Each structure stands twice: as structure tokens, then as C-alpha cells.
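Remarks on the structure that follows.
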Amino acid sequence: MIPIGMSTTCVYPLPPADAFREAAEVGFDGVEVMVTQEETTQDASALLSLADAHGLPVLSIHAPVLLLTHFVWGRDPRVKLERTAALARDTGADTVVVHPPFRWQAGYAEQFLPIVRETAEEYGVHIAVENMFPWRVAKRNLKAYAPGPDPREMDCDDITLDFSHAALAGIDSREFAREVGGRLRHIHLCDGSGSSDDGRIFDEHLLPGRGTQPVAETLRDLADAGWHGQIAAEVNTRKARSEDERMQLLRETLDFAREHTAVASEPVAEPA
806 MIPIGMSTTC VYPLPPADAF REAAEVGFDG VEVMVTQEET TQDASALLSL
856 ADAHGLPVLS IHAPVLLLTH FVWGRDPRVK LERTAALARD TGADTVVVHP
906 PFRWQAGYAE QFLPIVRETA EEYGVHIAVE NMFPWRVAKR NLKAYAPGPD
956 PREMDCDDIT LDFSHAALAG IDSREFAREV GGRLRHIHLC DGSGSSDDGR
1006 IFDEHLLPGR GTQPVAETLR DLADAGWHGQ IAAEVNTRKA RSEDERMQLL
1056 RETLDFAREH TAVASEPVAE PA
């Protein structure tokens, strides 16, 4: 079975303790931790305590690459990646998710792929580069990433597919998964309703099946192919008016994943 985890971002801005508790109650197989300013997300011992308390492993760690985490672990993006890899190793997670470099991170951007490979080897983890999207400013697409937002164009060993990012970039996720083949290591389970060229400017992270991406088809393709990666739900539940409503959204997400990653059993031959 493909492990299906839940990102701590699904309950943002609630703390990691709530994420672990709700992930366990809903029935996820583990948790992806987004490293933020919240100290628990940076502390292997604290995360392992939560994992033990709720019977859920830490499956993956997302590096602090968002603008709101600009000062977490300093300003050097290489140091951030190395500390994330160390955190993954120390919590038993085997996958690190990282975004492509911003264009203004010139030195890091130029050495990004060698840094990723060296760090992955040193800490014994997979570092999966996530697909991003063009930034749109004044109705024009801004080239925010170097060498670009699409890891298909990079010589990286491991890739994360985010369905919401694919939607905003105008990419067909099913074709993306087919094209990268064995390099696909990790999935952020969500959905999106359109691209920046259609006037969309927000990264939606809709529940899977509520957008326009071929999420179900992509998951079925991977399940049928015996894919050995991981899935982490990364859906926006901030409009939920109560914990019960948020839990319902998370259950819908998990049910969707279970349904479309299920592999039909081979028929049992009747005795002659």
C-alpha cells in the first residue's frame, strides 16, 4: 500500500500537536512536517514524542523555503536544506521536500543540484524537488525561480508533484507523472481550478476532486504501476468553521486517496 500522510499545513495555523492528533483520528498513515517558526517543527525530540504519542511516523519534512519562513535557521538556503535533512534523518523520515531556488539566491541557484545530491547522500535521505508555478504581477508572469519552476527541466534524482501548483502552472499532472517516471518520489495531494493564464493568482490547495486536475487518474496510474513513493495531503482547511468541519474535510481527502490508490486483487482461480 502507498503510505498516505497528512501535512501539518492542513491545520495551519494550529500547532503540530493538533496536526498529529487530527491525522491519527482521521486515520492517516503518518505526518509531513512543514518547518516553520514554530519551535516544535524544528525539534526532532519533540516531533518523535508526538509521533510516539499518536502512533504516527514522521514520513517527510518540508524545508523552510516559504517567504514567511525566510529567517528560520538563518538566511543561507544551503544551511536550511542541510538542517532539514538532518531533521529528517533524526526523526526517521526518508524524504525531504524542497522548492527550486529563487532567482535572487544566485550562488545557491547555480549550485542547487550538486548541493541537493551531496546533502541527500550525506544524510541518507531523498530530497524531492517540488514543482512550482510562475508568479503573476501586473498581469505578467514573473520568473521567480532559477533555473525555473519545473523540476522536469532539472537533472534531479527525486521529484515532488503538487497538484495545486501544477494547476496554477497550467500543467497536466498525469502527463507530468508519466514524464518523470521513476524520479517521482513524493506527492502533495490537493487540487486546483485553473492556471495563472486563466486569471488565477492564488495557490488554492483544494481538496482532491474539487478542481480540474486529473488527480484520481494520476493516483490510479501510480497504484497500478506499483509506485513506491509517498503521498502527503496538503489541503487548505482554513475556511472550516469548526474542528468537526475540518475533520470532515480531512476524511474526505483521505477517503479519496484510499479509493484511488487501491489496487484490485487478482481473481483467485477456482480449483480444477
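The sequence shown runs 806 to 1077 under my numbering.
Beta carbons: idealized from backbone N, C-alpha and C, even for Gly.
Remember, it's a predicted structure, so these values are computed and weren't measured experimentally.
Distance, Cα to Cα, residue i vs residue j?
i       : j       : result
Phe917  : Asp1049 : 42 angstroms
Asp895  : Tyr950  : 30 angstroms
Ala1074 : Gly1034 : Here Ala1074 scores only 46 on pLDDT, less than 50, and its place in the model should not be relied on; the value that follows carries that caveat. Rounded to whole angstroms, Ala1074 to Gly1034 spans 31 angstroms at the Cα level.
Ala911  : Gln1053 : 43 angstroms
Ser850  : Glu837  : 16 angstroms
Ala1067 : Asp1060 : 11 angstroms
Leu989  : Asp834  : 20 angstroms
Val934  : Asp899  : 14 angstroms
Thr924  : Val903  : 12 angstroms
Thr874  : Met959  : 25 angstroms
Val1040 : Pro821  : 15 angstroms
Arg1010 : Ala1021 : Here residue 1010 is His; the residue named in the question, Arg, does not match the sequence. Their backbone Cα atoms lie some 15 angstroms apart in a straight line.
Ala1085 : Ala1030 : Nothing can be reported for residue 1085, as the shown portion of the chain is limited to 806 through 1077.
Gly1014 : Val863  : 26 angstroms
Ala858  : Gln847  : 18 angstroms
Arg908  : Gly987  : 28 angstroms
Leu1024 : His1065 : 6 angstroms
Ala926  : Ala1028 : Position check: residue 926 holds Glu in this sequence, whereas Ala was assumed. Roughly 28 angstroms between the two C-alpha positions.
Gly1016 : Met811  : 19 angstroms
Thr845  : Trp1032 : 32 angstroms
His881  : His991  : His is not the amino acid found at residue 881; the sequence shown has Asp there. For Asp881 and His991, the distance between alpha carbons rounds to 25 angstroms.
Gly897  : Ala891  : 10 angstroms
Ala1077 : Asp823  : Any reading at Ala1077 must be qualified, since the residue scores a pLDDT of 43, below 50, and its modelled position is unreliable; the value itself is stated next. Ala1077 and Asp823: Cα-Cα distance of roughly 55 angstroms.
Might you give, ordered along the chain, the residues of its own chain that have their beta carbon closer than 7 angstroms to the beta carbon of residue i, omitting 5 neighbours on each side?
i       : result
Gln1018 : Phe968, Ala971, Ala972, Ser978, Asp996, Gly997
Gly860  : Ala829
Arg883  : Tyr913, Ile920
Glu827  : Val816, Met1052, Leu1055
Considering only the alpha carbon of each residue, which of the options lies closest to residue i?
i       : options                            : result
Thr889  : Pro905, Leu872, His875, Ser865     : Ser865
Gly999  : Glu984, Gly975, Ala851             : Gly975
Gly1085 : Phe907, Pro906, Val901, Pro954     : The chain is shown from 806 up to 1077; residue 1085 falls before or after that span and cannot be answered.
Pro954  : Leu1054, Ala914, Asp899, Leu1011   : Ala914
Glu980  : Asp1026, Asp962, His875            : Asp1026
Asp962  : Asp834, Asp1060, His931            : His931
Thr965  : His993, Phe938, Gly987             : His993
Gly879  : Leu1012, Pro905, Val840            : Val840
Arg1046 : Met806, Met811, Val816             : Val816
Pro905  : Gly986, Leu853, Asp848, Asn936     : Asn936
Phe938  : Val884, Asp1008, Glu927            : Asp1008
Thr814  : Thr1058, Glu1057, Leu1024, Ala1038 : Ala1038
Met806  : Ile1036, Thr1058, Glu927, Glu827   : Ile1036
Leu1012 : His991, Trp1032, Arg1051, Thr1058  : Thr1058
Give every residue of the same chain whose Cβ lies closer than 8 angstroms to the Cβ of residue i, excluding the five residues on either side of it in the sequence, and list them in chain order.
i      : result
Glu984 : Arg957
Leu886 : Ala868, Val901, Val903, Ile920, Val921, Thr924, Ile932
Leu872 : none
With a cut-off of 8 angstroms on the beta carbons, I'd call residue i and residue j a contact; round off their distance for me.
i       : j      : result
Arg1063 : Ile809 : 7 angstroms
Val870  : Gln842 : No, Val870 and Gln842 are not in contact; Cβ-Cβ is about 14 angstroms, not under 8 angstroms.
Leu855  : Phe825 : 4 angstroms
Sorted by chain position, which residues of the same chain lie with C-beta nearer than 6 angstroms to residue i's C-beta, five sequence neighbours on each side aside?
i       : result
Leu819  : none
Leu1055 : Val831
Glu1071 : Confidence at Glu1071 is low in this model, with a pLDDT of 47, below 50, so the placement of that residue should be treated as unreliable; the coordinate-derived value is given next. Excluding positions up to five away in sequence, the list is empty.
Ala893  : Ile866, Val901, Val930
Arg1051 : Thr1042, Ala1045
Within 8 angstroms of any Cβ in chain B, is that where the Cβ of residue i sits?
i      : result
Glu844 : The displayed structure is made up of one protein chain only, and chain B is not part of it.
Requested in this report: Report the residue ranges of all beta strand (DSSP E) runs contained in full by the segment 975-1037; include only those spanning at least 3 residues, in chain order.
Outcome: If we require 3 residues or more, the beta strand (DSSP E) runs fully inside the segment 975-1037 come out as 989-994.
Query - Runs of beta strand (DSSP E) wholly within the segment 875-917 (minimum 3 residues, chain order) - result: If we require 3 residues or more, the beta strand (DSSP E) runs fully inside the segment 875-917 come out as 900-903.
Report task. Would you mind listing the alpha helix (DSSP H) stretches within the segment 826-880 that are 4+ residues and don't spill past its ends, in chain order? Result -> 849-859, all fully within the segment 826-880.
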